[in-house]
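Step one of this worksheet: look at the structure below.
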Amino acid sequence: MNPVNWFEIPVNDMEKAKSFYEAILDIEISINQMGNWEMGWFPSDKTGTGTTGTLMKSEGYKPSHDGSLVYFHVPNIDNTLSKIATVGGKTLLPKTPIGEDGFIAHFEDCEGNRVALHALA
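For the sequence shown, the working numbering gives the first residue as 439, with consecutive numbering after it.
So this is what it looks like as structure tokens:
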């Protein structure tokens with residue numbers, strides 16, 4: 439079992455962040471309210487590998503470059519980086535080889551969070 443099972447990405451503008459991640463990852467995010475937490479849930483397949491998480495809008499959640507770094511697996515980093523530039527994000531670390539484990543890149547999302555990408559090719 440992988441040790442990570444959930445992540446939360448802080449946001450100030452849920453609709454803007456939802457549109458951003460849907461555009462760059464070609465997914466649908468569902469908005470849910472749990473008490474004082476406004477959450478944008480990423481898709482989940484409980485029978486698959488990996489993890490899922492949420493966009494999180496609530497007191498105490500502040501978008502930032504500091505802290506934990508979430509990596510999204512994508513089929514093609516170059517294609518994803520080009521989408522990021524068109525929907526309000528920017529590349530912080532361009533596509534970088536990491537040996538036999540493929541490639542990574544870091545970007546700033548539309549809310550100011552530092553997030554990362556991973557691809558095998």
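Even for Gly, the Cβ is constructed at its ideal location relative to N, Cα and C.
Since the structure is predicted, the reported quantities are computational estimates derived from the model, not experimental observations.
A residue is called buried once 16 or more other Cβ atoms fall within 10 Å of its Cβ, and Lys495 is buried on that count. About 18 Å separates the CB atoms of Phe480 and Gly526; that is not less than 8 Å, and the two are not in contact. One alpha carbon belongs to Trp475, the other to Leu558, and they sit about 35 Å apart. Note that the C-beta distance between Gly478 and Lys500 is not below 8 Å. Ile467 counts as buried, since at least 16 other C-beta atoms from the protein chains shown sit within 10 angstroms of its C-beta.
Contact annotation: Val553 and Thr489 have beta-carbon atoms that are not nearer than 8 Å. Cα atoms of Ser482 and Met472: separation of roughly 18 Å, rounded to the nearest angstrom. Secondary structure at Ser496: coil, using DSSP grouped into helix, strand and coil. Taking each of Leu463, Leu493, Leu519 and Glu538 in turn and checking the Cα distance to Glu446, the smallest one comes out for Leu493.
Annotated three-state conformation of Ala559 is coil, per DSSP.
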